[in-house]
Amino acid sequence: MKNKMITRSTCRISGEKLVPLFSLNEVHLSDFLPKDASPRSNPVPLELTLAPRSGLVQLRHTAPFDDMYKVYWYRSGINESMVEELRQIAVSVTKLMRVGKSDLWIDIGCNDGTLLSFISKEVTRIGYDPNDYKAISQKHANLIVNDYFNAKAFRASKYGKKKAKVITSIAMFYDLEDPHSFVKDVRDILDDNGLWVIQMSYLPLMLAQLAFDNICHEHLEYYSLSSLKYLLDKNNLKIVDCQLNDVNGGSFRIYIQKKGAAVSSFASAPYRDVAKHRVESTLSYEKQLKLDKPKTYTDFFKKVCALRDQTIRFMRAKKKKGKKIWAYGASTKGNTLLQWWGIDNTLVDGIAERSPAKFGLKTVGTNIPITSEEEMRKAKPDYLLVLPWHFIDSFVSREQTFLKEGGAFIVPCPRFEIIKK
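Just so we're aligned, residue 21 is where the sequence shown starts under my numbering, counting upward by one.
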């Protein structure tokens, strides 16, 4: 499974037949390459489908896992807002679950260990991730497993006889080809009164914000609370809280326990009352959105196409007048936008980036050179196309000089916007 493409005709959680919604065509897996290098893999279709009974929106094609994750460019620790988000998760969950000495906390998809770094060293901390950041993440854990998570391998480890008080899965649960198997593995190693915390992009907010760039090969599923509940119910798990936030353009954080867990094991009574209301309100809200109807998604696609056309028209008109256009932030989401919209090095001169690992490389499929932010500022572009647009507030703060000198940001989502002084 990890080394070949899979084409699905049935839902990953219900087995029902998939209904086609729309396609973003064939695009290369998100990657950044040396200037003279060819893409590491062939383009893979990005076709969205719906399973009406489970309510799960999902990709029809699963790209080879090792192609996506063995060389992985995203790092949590270089983005201040993400560092703060992960700190807040660690602190709040520690308090809610009264995590202390000798407890076990497992972070699945630990990336560079940023979340683990905020957990008390008295707690046994284990991280799982197939990427190549182990040299960084192992500074913050008792054990880092440089591979995909599974319960069998955990039980064979030196900590395998313990049950986890807390398991966190941040921005990775939607990456699974077999969600049922993963959920069963988590349930098997979770303490009977333990807590599992998932955070990931939230389908209704993706639709509301026209955040089509959230659609990428890594994100196999696009969950609502209702579709997640469908999956958890089948695995004897319950949702004890659900919180919406603006992370990555709109996410939700879900707190999960075994159905037999003691009520008092999670938070305080007043907190539980509020949490129950949040869960019920979110499920009620979703019923109004017609998330089980294909028309909901074809309407979304029409709006996204109009947004694409408006943005491209503007950029081409400015380029024709001799204006210099750069992009800001070489991101996975940005690769979806650039490839599907057909924005390449003939329209964008370069991409400014904070991660030194990407300097001197180019975007896959669109061949746009990546430089430091300092190099971009020296080039004095007239416009910056913001690729990770959900961080626009911090970008505006960071680029005050650029704006004061007459530069402007092109913000493509959730609506076309030009930000200037």
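The beta-carbon is built from N, C-alpha and C at its ideal position, and this holds for glycine as well.
- With contact defined as three or more Cβ pairs closer than 8 Å, the segment 250-260 and the segment 362-374 are not in contact.
- Here DSSP, grouped into helix, strand and coil, assigns Thr383 to strand.
- Where Lys440 is concerned, the enclosing beta strand (DSSP E) starts and stops at 437-440.
- Residue state for Trp361 is assigned as helix, using DSSP reduced to three classes.
- Excluding residues up to 5 positions away in sequence, Val267 lie with their Cβ nearer than 7 Å to the Cβ of Glu105 in the same chain.
- Each residue's CA atom was taken as its position, placing Gly269 and Leu423 some 23 Å apart.
- Counting of Cβ neighbours within 10 angstroms places Glu419 among the buried residues, the total reaching 16 or more.
- Of all alpha-carbon atoms in Ser140, Ala350, Ala83, the one lying nearest the alpha-carbon of Phe411 is that of Ala350.
- With 16 or more other CB atoms across the displayed protein chains lying within 10 angstroms of its CB, Ser271 is buried.
- DSSP places Gln277 in no alpha helix (DSSP H) but in the uninterrupted beta strand (DSSP E) bounded by 271-278.
- Residue environment: Arg336 is assigned as exposed (fewer than 16 neighbouring CB atoms within 10 Å of its CB, all protein chains considered).
- Look at Arg73 here: in three-state DSSP terms it is coil, with no helix or strand label.
- Scanning the segment 52-111 for uninterrupted alpha helix (DSSP H) segments of 4 residues or longer gives 85-89, listed from N- to C-terminal end.
- Under the 10 Å beta carbon count, His237 is surrounded by 16 or more other beta carbons and is classified as buried.
- Rounded to whole angstroms, Asp212 and Arg333 show a C-alpha spacing of 57 Å.
- Taking a contact to require three or more Cβ pairs closer than 8 Å, the segment 218-233 and the segment 174-183 do not qualify as touching.
- By the neighbour-count criterion, in which 16 or more other beta carbons inside 10 Å mark a residue as buried, Ile345 falls on the buried side.
- Less than 7 Å separates the beta-carbon of Tyr194 from that of His239.
- At least 7 Å separates the beta-carbon of Ser221 from that of Leu311.
- Rounded to whole angstroms, the gap between the alpha carbons of Leu68 and Thr82 is 11 Å.
- With the rule of 3 Cβ pairs closer than 8 Å, the segment 145-159 does not count as touching the segment 110-122.
- Bounds of the beta strand (DSSP E) holding Leu264 are 257-265.
- The Cβ atoms of Tyr348 and Ala372 lie closer than 7 Å to each other.
- A distance below 8 Å between beta-carbons, with the five flanking residues on each side excluded, links Tyr242 to the following residues of its chain, in chain order: Leu68, Leu76, Val77, Gln78, Tyr194, Ser221, Leu223, Met226, Asn234, Ile235.
- For Val260 and Ser246, the gap between their C-alpha atoms comes out near 14 Å.
- Beta-bridge annotation (DSSP): Lys37 is paired with Thr30.
- Setting aside the 5 residues that flank it on each side, Pro63 is surrounded in the same chain by Glu46, Val47, His48, each with a C-beta closer than 7 Å to its C-beta; the list follows chain order.
- Collapsing the DSSP output to three states places Ser351 in coil.
- Around the beta carbon of Asp293, a 10 Å sphere encloses fewer than 16 other beta carbons of the protein chains shown; the residue is thus reported as exposed.
- For Thr144, the enclosing beta strand (DSSP E) begins and ends at 144-148.
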